[in-house]
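Chains C and D supply the protein sequences, listed in that same order.
Add 564 to a position in the first sequence, counting from 1, and you land on the number used in this note's numbering.
Add 919 to a position in the second sequence, counting from 1, and you land on the number used in this note's numbering.
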Amino acid sequence: MTAEPSPSVPDCLQLPAFRSISWQQWLPAQLASLPGRTIDLDTGDWSLSCRELDELLTALHSAGHDVHVVTTRCRNTLISATALGLTARLATHDHPAGEASADQQKHTESIAGLTVHRGTLRSGDHIETRGHLLIVGDVNPGGSASADGDVYVWGRLRGRAHAGRQGNGNAKIVALQLRPLQLRIAELVARGPDERPQPGLAEQACILDGAIAIEPASPPFAAQQP
Amino acid sequence: MTNSRTILICSGKGGVGKTTLTANLGIALAGQGARTVVLDADFGLRNLDLLLGLENRIVYTAQEVLAETCRLDQALVKHKQEPNLALLPAGNPRMLEWLKPEDMQTIAGMLSERFDYVLIDCPAGIEDGFKNAVAAAKEAIVITTPEVSAVRDADRVIGLLNTHGVSPVQLVLNRVRPKMMANQDMLAVDDVTDILALPLLGLVLEDEQVIVSTNRGEPLTLNGSASPAAKAYGNIASRLQGEDIPLMDPAKERRGIRARVRRLMQTKIF
């Protein structure tokens, strides 16, 4: 048995179920059994403000641990983590929607590979997900959304979007109003078009002939099962 | 004081008019009868005392209050002409090394016991100064100009305010030039509210008198000045108190030779 965990696979520290116990009481016992210096933090359903997340990180840091990636199922925590400069990921649910807490159900749910985020992404906000991503709201300039699958914006896409993040060239980006700063699909990058789109015209971006092209969006918009 | 309101005035971008708004709003609210205190949370580059013309009256600052070297009322500087308004001056820049969000909460708590309105003048940026100031606030007013970088920074700040649970957050649009808006050389009001998605608390026209008032240390709202900015600040204070005053429409401001001449005389801007 190896005594040291391999440095390329960080230990994962998973917080207990939201509100079942105060993390301040729970943490000291866990710290004793954590060997790794770099850990991934899974905050699960916890809704943590900037201040609370900062406290948690300080506690971990003073015990000698650095956080590599924060995984969460709660939008508030995702935005707090990004505001603190960490790499943060939105996890998809493993269990049916009914079991998740009502609190974060409001903002983000996952249905078999599609993550739905309700609310506008403001400047500096970033959402990253596996599977497909549907944003019911705008993506403001300065905000960004990325997914391994397709990115759908039920609103105005004025920021950045990255579809097919892991290299899927068939991924597409669809928006009710496509006026992005920058589009990425797989490894290709494109600037947003200079002209304003026709109002009321939904458009999609996909890879055609080796470059990102924009055309009017055609139904069906629904994501294909991955 | 249970009805006390603690309002953070922030912007993200520097130089868009936070301190001017804080000073003028403070005077206007005090003039309407509310006991108001303005707190300068910018310990690095403090300006609020300059704008109020009180810098030579500062004896104790927030630092001494926290260290309990003096009582709160010893540190508060009453405005010479507006007795309902007091200023709690910023401490010195070295405070930044040890100041924590809890300290700001302590100060704000002490102030809200004695005043109806606690206005916190936030430093520019989103680093420690902002984080400390946000800890003390219940509500916020975000001020921005109709300019792309200011709006982008304001958007960022609003996102952070939401994460910190500050509510309600309202918007003030500053330094509006109706002529440029009409020529589409400047972002329209709708363009700004489209992105920021906040209720508009007020619109303030660009006004050269603001520069004059700053240099003199006499906020525009103090002397019943007829300048457009003074009127706008007065309206913002009234709206904060619950009065329903319709917003000024930049498009309508332009009409009529007489109106133009009057505006020219007041703002001296062509």
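Positions of the beta carbon are idealized from the N, C-alpha and C atoms, including for glycine.
None of these values were measured; they are calculated from a predicted model.
Next on the checklist: Using a Cβ-Cβ cutoff of 7 Å, what residues of the region 622 to 656 of chain C are near chain D? List them in chain order.
Outcome noted: N640, I643, S644, A647
* Member of C:R729, C:L765, C:L654 whose CA lies at the smallest distance from the CA of C:Q741 -> C:L765
query = Is the distance from the Cβ of D:A1052 to the Cβ of D:V1061 below 7 Å?
reply = no
- Continuous alpha helix (DSSP H) stretch holding D:Y1036: start and end: Careful: D:Y1036 lies outside any alpha helix (DSSP H), inside the beta strand (DSSP E) at 1036 to 1040.
* To do: Would you identify the three-state DSSP class for C:D702, choosing helix, strand or coil?
  => coil
| Should C:S597 be flagged as near chain A, meaning a C-beta pair shorter than 7 Å? | Checking the listed chains, one finds no chain A in this structure; the protein chains it contains are C and D.
Chain-ordered residues of the region 1145 to 1170 of chain D with a beta carbon less than 8 Å from chain C: none
> Looking at the unbroken beta strand (DSSP E) that takes in C:G719, where does it start and where does it end?
Replying inline: 715 to 721
Nearest to C:A711 by alpha carbon, out of C:G719, C:A627, C:A735?
C:A735
message: Our contact map puts D:L1120 next to D:Q1089 with C-beta atoms below 8 Å; I'd like the distance itself, whole angstroms only.
response: 4 Å
Taking DSSP's pairing of strands, which residues face C:S710 in a bridge? C:E692, C:H726
To test your reading of the DSSP string, which unbroken alpha helix (DSSP H) runs of 4 or more residues are found completely within the region 951 to 984 of chain D?
967 to 970
I'd like the ranges of any beta strand (DSSP E) spanning at least 3 consecutive residues and lying wholly in the region 1059 to 1143 of chain D. 1088 to 1095, 1119 to 1124
- In this structure, does DSSP put D:G931 in helix, strand or coil? coil
Determine, using beta carbons only, whether C:D609 comes closer than 7 Å to chain D.
no
Start-to-end residues for the beta strand (DSSP E) that takes in C:E767: 767 to 772
- Task: Keeping to the same chain, check which residues put their C-beta closer than 8 Å to that of D:I1164; ignore five residues upstream and five downstream.
- Result: N1154, S1157, R1158
ask   = What separation, rounded to the nearest whole angstrom, lies between the Cα atoms of D:E987 and D:Q1024?
value = 15 Å
- So, helix, strand or coil for C:A739, using DSSP? strand
* Asked: Does DSSP put D:E1021 in a helix, a strand or coil?
  -> helix
Secondary structure of D:A994, DSSP reduced to three states
helix
With a threshold of 16 other CB atoms inside 10 Å of the CB of C:R601, please say whether the residue is buried or exposed. exposed
Discussion item. Assuming contact is defined by CB atoms lying nearer than 7 Å, are D:T955 and D:Y1036 in contact in what I supplied?
Written reply: yes
Discussion item. Please classify C:W610 as buried or exposed, where buried requires at least 16 other C-beta atoms within 10 Å of its C-beta.
Written reply: buried
For C:D728, return the contacting residues in chain D, with the cut-off set at a CB-CB distance below 9 Å.
Checking the sequence shown, residue 728 of chain C turns out to be Gly, not Asp. Within 9 Å Cβ-Cβ: nothing; C:G728 doesn't reach chain D, min ~26 Å.
State buried or exposed for D:M1184, treating a residue as buried only when at least 16 other CB atoms are found within 10 Å of its CB.
exposed
Mark D:K932 as exposed unless 16 or more other C-beta atoms lie within 10 angstroms of its C-beta, in which case mark it buried. buried
| request: Report yes or no: is there a C-beta of chain D within less than 7 Å of the C-beta of C:G764? | output: no
**Prompt:** In angstroms, rounded to a whole number, what distance separates the CA positions of D:V984 and D:P1012?
**Reply:** 15 Å
- [ ] Return the residue from the list D:I1045, D:E1021, D:G934, D:A1056 that minimises the CA-CA distance to D:V957.
- [x] D:A1056
Buried or exposed: where does D:S1031 fall if 16 or more other Cβ atoms within 10 Å of its Cβ makes it buried?
-> buried
Subject >> Same chain, Cβ closer than 8 Å to C:V700, neighbours up to 5 away in sequence not counted >> reply: V680, H681, R682, G683, W718, G719
### Query
Got a sec: is the Cβ-Cβ distance from C:A567 to anything in chain D below 7 Å?
Because C:A567 sits at a pLDDT of 38, beneath the cut-off of 50, its placement in the model cannot be relied upon, and the following sentence gives the value as read from the coordinates. Answer no: the Cβ-Cβ gap between C:A567 and chain D never drops below 7 Å.
- Would you identify the three-state DSSP class for D:P1169, choosing helix, strand or coil? helix
Original post:
What residues of chain D sit near C:G688, judged by a beta carbon separation below 7 Å?
Top reply: R1075, G1078
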